[in-house]
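Written below as structure tokens is the structure these notes are about.
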Amino acid sequence: MSKLPIIEPFRIKSVEPIRMTTRPEREALLAEAKNNLFFLHSQDVIIDLLTDSGTGAMSAEQWAAIMRGDESYAGSPSFGRFEDSVHDVMGFEEVIPTHQGRAAEHLLFSIFGGPGKVILNNTHFDTTRANAEVSGAKAIDLSCLESGDTASLFPFKGNMDLARLEAALLEHGDAVTLVMVTMTNNAGGGQPVSLENLRGVRELCDRFDKPLYLDACRFAENAYFIQQREEGQADREVRELVKQVFAMADGCTMSAKKDGMANIGGFLACRDKQLADEFRRRLVVTEGFPTYGGLAGRDLEAVAQGLQEVVREDYLAYRAASIRYVVERLHERGIPVLRPPGGHAIFLDAARFLDHLPWQQYPGHALALELYLEGGIRACEIGSVMLGHVDPETGIESPAHHELVRLAIPRRTYTQSHMDFCIEIIDAVFRRRAAIGGVTIETSPPVLRHFGATFGRSAVGAVTAS
Ligand code: F0G
Numbered sequence: 000m001s002k003l004p005i006i007e008p009f010r011i012k013s014v015e016p017i018r019m020t021t022r023p024e025r026e027a028l029l030a031e032a033k034n035n036l037f038f039l040h041s042q043d044v045i046i047d048l049l050t051d052s053g054t055g056a057m058s059a060e061q062w063a064a065i066m067r068g069d070e071s072y073a074g075s076p077s078f079g080r081f082e083d084s085v086h087d088v089m090g091f092e093e094v095i096p097t098h099q100g101r102a103a104e105h106l107l108f109s110i111f112g113g114p115g116k117v118i119l120n121n122t123h124f125d126t127t128r129a130n131a132e133v134s135g136a137k138a139i140d141l142s143c144l145e146s147g148d149t150a151s152l153f154p155f156k157g158n159m160d161l162a163r164l165e166a167a168l169l170e171h172g173d174a175v176t177l178v179m180v181t182m183t184n185n186a187g188g189g190q191p192v193s194l195e196n197l198r199g200v201r202e203l204c205d206r207f208d209k210p211l212y213l214d215a216c217r218f219a220e221n222a223y224f225i226q227q228r229e230e231g232q233a234d235r236e237v238r239e240l241v242k243q244v245f246a247m248a249d250g251c252t253m254s255a256k257k258d259g260m261a262n263i264g265g266f267l268a269c270r271d272k273q274l275a276d277e278f279r280r281r282l283v284v285t286e287g288f289p290t291y292g293g294l295a296g297r298d299l300e301a302v303a304q305g306l307q308e309v310v311r312e313d314y315l316a317y318r319a320a321s322i323r324y325v326v327e328r329l330h331e332r333g334i335p336v337l338r339p340p341g342g343h344a345i346f347l348d349a350a351r352f353l354d355h356l357p358w359q360q361y362p363g364h365a366l367a368l369e370l371y372l373e374g375g376i377r378a379c380e381i382g383s384v385m386l387g388h389v390d391p392e393t394g395i396e397s398p399a400h401h402e403l404v405r406l407a408i409p410r411r412t413y414t415q416s417h418m419d420f421c422i423e424i425i426d427a428v429f430r431r432r433a434a435i436g437g438v439t440i441e442t443s444p445p446v447l448r449h450f451g452a453t454f455g456r457s458a459v460g461a462v463t464a465s
């Protein structure tokens with residue numbers, strides 16, 4: 000049995016056509032989009048790996064649940080099913096729906112953030128950092144040492160560095176209002192956090208009397224990695240591991256567009272009733288009444304069902320295998336790719352892929368543009384364009400931790416032949432890598448600049464302006 004391939008544990012009931020484009024068409028489309036892949040129309044993309052967020056296929060049961068959606072403004076039974084499902088899977092009593100993850104973050108930092116406050120996290124995702132900083136707080140990343148090495152095979156590269164966490168808690172004292180753990184660690188390569196590490200974080204939070212919240216977007220993928228990679232956990236069910244993980248936290252923010260298996264939705268959950276009521280009072284002002292929080296009843300139903308499906312072991316085994324398949328083939332061909340494979344995406348190491356380009360020429364963005372030109376693949380830079388820091392006073396820019404290109408795989412959407420196509424396209428770009436030039440930022444918004452910046456492309460050997 001073990002030699003048989005792991006197959007997609009579903010069959011396809013409804014399909015969407017893909018429009019094929021030619022290279023000259025893509026050249027023109029990219030120029031029109033000012034070299035920002037977010038500005039492309041999705042019908043001009045062949046394989047869209049920009050994100051795994053809200054882009055997955057829903058199951059027949061989710062579509063059926065959508066028909067059951069009750070759109071009452073207050074007290075909808077759809078909210079009851081949503082709340083029960085979150086409680087059943089994660090164990091939290093207080094569940095506050097939001098239209099997506101960043102709205103939950105905004106709500107969370109409306110209380111824990113603010114000027115002079117410090118938020119500690121293994122790695123803040125871009126929206127989490129933006130929400131913390133917009134509130135006036137300082138967001139500090141404390142990822143483990145191994146996460147800095149894209150070739151290290153350490154199984155839990157999403158871990159928090161416990162020594163640095165302790166040092167930060169000592170240094171910032173009362174200013175620290177919240178410790179967060181992002182699982183899996185998206186910006187750090189979709190890498191998991193181990194139970195042991197989370198236990199260590201919890202102990203420090205207890206010692207320093209700080210609340211611990213999880214950024215739980217990909218909690219099921221994380222639990223599957225614990226089962227597969229952590230000593231002593233192989234015989235435990237994912238559902239049980241999920242419960243154990245959440246039992247260590249005081250609350251969580253969640254984007255249901257990821258492991259909620261839905262196209263929209265999110266929530267903030269916690270144990271403290273008083274705090275939850277304060278969140279609810281604030282929720283009404285921006286998101287809506289606490290029994291829908293910016294979502295339609297049908298969306299609540301899709302998430303309720305999705306949370307039950309995402310913890311199924313056959314689904315998670317397929318999900319991990321589909322990412323591993325691509326990572327291993329790229330690695331076999333000598334293409335620099337982040338290992339071990341993460342949970343939701345393939346991360347190309349653009350700093351090594353285009354090692355003739357310094358970070359100031361944004362190798363990640365340059366590579367993402369080439370993948371589109373070569374094969375109509377839309378990926379996303381997670382490097383110095385997205386995460387580089389520009390000092391507001393001096394205007395001096397510092398680079399991100401890594402220069403990565405993320406090919407995020409939407410859930411249950413693409414087949415193995417789509418992945419084979421991607422491998423060939425990446426390989427073709429790799430073979431002509433020496434002729435690829437860098438990019439320059441031409442215009443840039445002040446926050447989340449990757450969404451709105453426009454770029455120029457330069458020829459190989461172009462000198463970087465200092
Ligand atoms: N936290 C993490 C770890 C995320 O990956 C995201 C979204 C969010 C929070 C915010 O959730 O989009 O529902 O508001 N990540 C998407 C991505 C956008 O492409 O990785 P949201």
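Each step along the sequence shown adds one to the number in numbering that gives the first Met the number 0, with nothing skipped, and position 73 is 72. We put the beta carbon where it would ideally sit given N, CA and C, even for glycine. Please read all numbers here as calculations on a predicted model, not as lab measurements.
Check whether the Cβ atoms of Arg448 and Leu36 sit closer than 8 Å, and answer yes or no. Not in contact: Arg448 and Leu36 (Cβ atoms no closer than 8 Å).
According to DSSP, Lys137 sits in a beta bridge with which residue or residues? According to DSSP, Lys137 bridges with Val117.
Looking at Asn262 and ligand 1, is the gap between the Cβ and the nearest heavy atom below 7 Å? It does not: the Cβ of Asn262 is nowhere closer than 7 Å to a heavy atom of ligand 1.
Should Lys256 be counted as a contact of ligand 1 given a C-beta to heavy atom distance under 7 Å? yes
Taking the DSSP output, what are the residues bridged to Gln190? Asn184
Cβ pair Met159, Asn221 closer than 8 Å: no
The beta strand (DSSP E) with Phe346 in it runs from where to where? 344-348
Report yes if the C-beta of Ala248 is less than 7 Å from at least one heavy atom of ligand 1; otherwise report no. no
contact_flag[the region 91-108, the region 262-276] where n(CB pairs < 8 Å) is 3 or more: yes
Cβ-heavy atom distance, Asp214 to ligand 1, below 7 Å: yes
For the alpha helix (DSSP H) containing Leu294, list its first residue and its last residue. It is not in any alpha helix (DSSP H) - Leu294 carries neither H nor E in the DSSP assignment.
From Val200, Arg311, Phe454, residue whose alpha carbon lies closest to that of Ala365: Phe454
For Ile395, does the count of other Cβ atoms within 10 angstroms reach 16, so buried, or fall short, so exposed? exposed
Report whether the distance from the Cβ of Gly474 to the nearest heavy atom of ligand 1 is below 7 Å. Here the chain comprises residues numbered 0 to 465, so residue 474 is not present and cannot be evaluated.
Out of Gly113, Thr252, Pro210, Val237, state which residue places its alpha-carbon closest to the alpha-carbon of Thr181. Thr252
State the Cα-Cα distance for the pair Arg201 and Phe245, rounded to the nearest angstrom. Taking the Cα positions, Arg201 is about 11 Å away from Phe245.
For Leu197, is the classification buried or exposed, using 16 other Cβ atoms within 10 angstroms of its Cβ as the cut-off for buried? Taking a 10 Å sphere around the C-beta of Leu197, we find 16 or more other C-beta atoms and assign the residue as buried.
Using a Cβ-Cβ cut-off of 6 Å (strictly less than) and excluding sequence neighbours within five positions of Arg328, which residues of its own chain qualify? Ile422
Would you list the residues sitting across from Leu177 in a DSSP beta bridge? Answer is Ile118, bridged to Leu177.
Asp313 (DSSP reduced to helix, strand or coil): helix
When you compare each of Ser13, Pro4, Pro8, Lys33 to Thr439 by their alpha carbons, which one comes out closest? Considering only alpha carbons, the answer is Lys33.
Consult DSSP for Thr442 and reduce its assignment to one of helix, strand or coil. strand
Candidates Cys216, Val237, Ala399, Leu144: which alpha carbon is nearest Ala261's? Cys216
Any idea if Met19 is buried or exposed, counting beta-carbon neighbours within 10 angstroms, 16 or more meaning buried? exposed
Return the first residue and the last residue of the beta strand (DSSP E) that Arg456 is part of. 453-456
So Thr20 is in the beta strand (DSSP E); what residue range does that whole segment cover? Taken as a continuous stretch (DSSP letters only), Thr20 belongs to no beta strand (DSSP E), as it is neither H nor E.
Is Asp426 helix, strand or coil when you go by DSSP? helix
What are the boundary residues of the beta strand (DSSP E) that Pro398 is part of? Unbroken run through Pro398: none, as it is neither H nor E.
For Ala437, is the beta carbon positioned less than 7 Å from some heavy atom of ligand 1? The sequence given here places Gly at residue 437; Ala does not occur at that position. Incorrect: Gly437 has no Cβ contact closer than 7 Å to ligand 1.
Check whether the region 56-71 touches the region 294-306, taking contact to mean three or more Cβ pairs, one atom from each stretch, closer than 8 Å. yes
Under the three-state DSSP convention, the category Glu380 falls into: In the structure shown, Glu380 sits in a strand (DSSP, three-state: E or B).
Determine, using beta-carbon pairs with one atom in the region 385-405 and one in the region 343-353, whether at least three such pairs fall under 8 Å. yes
Beta strand (DSSP E) containing Val94: first to last residue? For Val94, the enclosing beta strand (DSSP E) covers residues 93-97.
For Pro466, does the count of other Cβ atoms within 10 angstroms reach 16, so buried, or fall short, so exposed? Here the chain comprises residues numbered 0 to 465, so residue 466 is not present and cannot be evaluated.
Mind the definition here: the region 78-86 touches the region 272-287 only if three or more C-beta pairs lie below 8 Å; say whether that holds. no
Spatial neighbours of Ala458 within its chain, please: C-beta separation below 8 Å, excluding the five flanking residues on both sides. The residues Gly436, in chain order, have a CB closer than 8 Å to that of Ala458 in the same chain once the five nearest residues on each side in sequence are set aside.
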